[in-house]
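What follows is a set of notes on a single structure, which appears directly below.
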Amino acid sequence: MAFRVRNPNLLSLILLSLLAIASAKVFFEERFDDGWDKRWVKSDWKRDESLAGEWNYTSGKWHGDANDKGIQTSEDYRFYAISAEFPEFSNKDNILVFQFSVKHEQKLDCGGGYMKLLSGDVDQKKFGGETPYSIMFGPDICGYSTKKVHAILTYNNTNHLIKKEVPCETDQLTHVYTFIIRPDATYSILIDNVEKQTGSLYSDWSLLPPKKIKDPEAKKPADWDDKEYIPDPEDKKPEGYDDIAKEITDPDATKPQDWDDEEDGEWVAPTIPNPEYKGPWEPKKIKNPNYKGKWKAPLIDNPDFKDDPELYVFPKLKYVGIELWQVKSGTLFDNVLITDDPEYAKQVAEETWGKNKEVEKAAFEEAEKKREEEEAKNDPVDSDVEDEDEDKSDDADDSDAEADLDKKDAEEDDKHDEL
Ligand SMILES: *[C@@H]1O[C@H](CO)[C@@H](O)[C@H](O)[C@H]1NC(C)=O
Ligand SMILES: *[C@@H]1O[C@H](CO)[C@@H](O)[C@H](O)[C@H]1NC(C)=O
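Take the sequence shown: its letters are residues -24 to -1, 1 to 395, numbered as in mature numbering (1 follows the signal peptide of the UniProt record, and there is no 0).
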């Protein structure tokens, strides 16, 4: 088909965008094609304790393309640690894009789906939960309370969690997570090529002490009027106001027929609250004409703040890894990308997740339908009740693991407390 460009601007736009993509630096790209297992090193972490989980090289139970495989956690109650090396680089003066896709086929109720970037020299055979990392990024789900995207930056040997909530996807389909850090110290977090959070490394993490603090010397001036409302000096108590009784005798009460004054004593009508009574008089409130607003200490430059123009820089990035604990396995990672070009990352996401998502969704719905039919067949009488029973016995099975998990949570909390 003949292709004529009528608009020369459009042509230059096309050329420009081709150029931009052509100049993208790709530091690492893994689509998990043949030979992936020569690029990735499985760690021996937790292997002595028989708690090191095995990876399954698969496209999963539902997918958009059976030939597009990734790596999936395949054993419950296991630790997972695997990493790959790439030529060391620094993101100084450059954009850093870290992207991957993840699918929780198991209906994840507690576990991570995040990845890490590591710097310097790492013994990949020993890579594990204690190995220092530079960036940790991706979804984390546990119970009802934790359903978020982690974005942890390590600065000055300390892990800093993002201070903003970024909800993660919780369904059983593939989603692409993208973390972009720019040389102007701004960042963006995308899910499925849609920006979910953006801002500054200065304000959304506590990497540095705050730039401004409240002046500790400042005091509220004695004549500062911070009362928004005052009693109206014009308002006067109406005459007779205090004479209104709080209670009155019930006008509807009548002496009972069988009341015997001699035996029962003199009949006294009961009292009821007086509808006219409005409580002690108070003048009505008016806006205070001298109100100056709530007093706030003025902000001053924080003497402890020292700017770091290289706040965003990770000078020795060299490894990408997955390090997880999973109660229920089934998390599938794919299409790991580290580049300096958000446009290229977007394009990769479209070519992989974007291309497959509709077929995958249909396959998932088909699988769900089959599963429900199977369940109904196994118990045609009342499958709902059966479902509940299953859930209960699951819970019982989980209790030990949950105790372990609580321990791990507590450890993580300790880790967080140290931050
Ligand atoms: C790997 O995944 C496939 C697809 O879900 C599944 O059929 C197979 O049983 C899995 N193998 C292991 C060892 O878990
Ligand atoms: C780095 O961490 C040390 C120890 O926690 C602290 O004393 C120092 O002030 C930190 N430096 C910066 C630049 O944050």
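Each residue gets a CB set at the ideal place from its N, CA and C atoms; glycine is no exception.
Under a criterion of Cβ closer than 5 Å to any non-hydrogen atom of ligand 1, which residues qualify, in chain order?
-> N32, T34, K37 and S50
According to DSSP, what are the bridge partners of C86?
-> C118
Using 10 angstroms around the beta-carbon of G255, count the other beta-carbons present and answer buried if the total reaches 16, otherwise exposed.
-> With fewer than 16 other Cβ atoms within 10 Å, it is exposed.
Using 8 Å as the threshold, is the stretch 331 to 340 in touch with the stretch 35 to 43, meaning 3 or more CB pairs across them?
-> Yes: the two stretches touch, three or more of their Cβ pairs being nearer than 8 Å.
Out of W301, K294 and Y205, point me to the one whose CA is closest to N266's CA.
-> Comparing Cα positions, the closest option is Y205.
If you draw a straight line from the C-alpha of F281 to the C-alpha of K124, how long is it?
-> Pairing F281 with K124, the inter-Cα distance amounts to about 30 Å.
Three-way DSSP call (helix, strand, coil) for G297 in this model | strand
In whole angstroms, what separates the C-alpha of P214 from that of I220?
-> 11 Å
How many angstroms separate the CA atom of E30 from the CA atom of D284?
-> 42 Å
Give me the Cβ distance between L300 and G87, rounded to the nearest whole Å; I'm assuming they're in contact under 8 Å.
-> 6 Å
Do you know offhand how far K346's Cα is from F76's?
-> 30 Å
Cutoff 8 Å; reference S305; Cβ partners in own chain excluding five residues on either side = G29, Q48, T49, S50, E51, D52, R54 and Q82
Looking at C-beta atoms only, is the number of pairs between the stretch 94 to 114 and the stretch 11 to 31 that lie closer than 8 Å three or more?
-> yes
Just the Cα atoms here: how many angstroms apart are D237 and W243?
-> So the two alpha carbons sit approximately 7 Å from each other.
Which term fits K260, buried or exposed, when burial requires 16 or more other beta carbons within 10 angstroms of its beta carbon?
-> exposed
Every unbroken alpha helix (DSSP H) inside the stretch 203 to 267 [4 residues or more] | 237 to 240
Buried or exposed: which applies to T150, given that a residue is buried once 16 or more other Cβ atoms fall within 10 Å of its Cβ?
-> buried
Distance between F74 and K140 (C-alpha atoms, nearest Å) = Cα-Cα distance, rounded: 19 Å.
Apart from the five residues on each side of it in sequence, which residues of its chain come closer than 6 Å, Cβ to Cβ, to S164?
-> I156, E171 and T174
Where does D147 fall in DSSP's three states?
-> coil
Cβ of K331 versus every heavy atom of ligand 3: is any distance shorter than 7 Å?
-> What this structure holds is ligand 1 and ligand 2, not ligand 3.
If N264 sits next to K222, beta carbons under 8 Å apart, how far is it from one beta carbon to the other, in whole angstroms?
-> Actually they are not in contact, since the Cβ atoms of N264 and K222 sit about 32 Å apart, beyond 8 Å.
Closest by C-alpha distance to D211, when choosing among I262, P246 and W329 = If we check each option's Cα against that of D211, I262 comes out closest.
Nearest neighbour of T247, chosen from G241, E239 and T230 [CA to CA] | T230
3-residue-minimum beta strand (DSSP E) runs that sit fully inside the stretch 7 to 42, ordered along the chain = Annotation: the stretch 7 to 42 contains the following complete segments of the beta strand (DSSP E) (minimum length 3 residues), in chain order: 16 to 18 and 31 to 34.
May I have a chain-ordered list of the beta strand (DSSP E) segments no shorter than 3 residues that lie completely inside the stretch 303 to 353?
-> 307 to 315
CA nearest to the CA of E6, picked from N354, E342 and A325 | A325
In DSSP terms, what K188 is bridged to | D277
Determine the direct distance from the alpha carbon of Y90 to that of L183, and round the result to whole angstroms.
-> 21 Å
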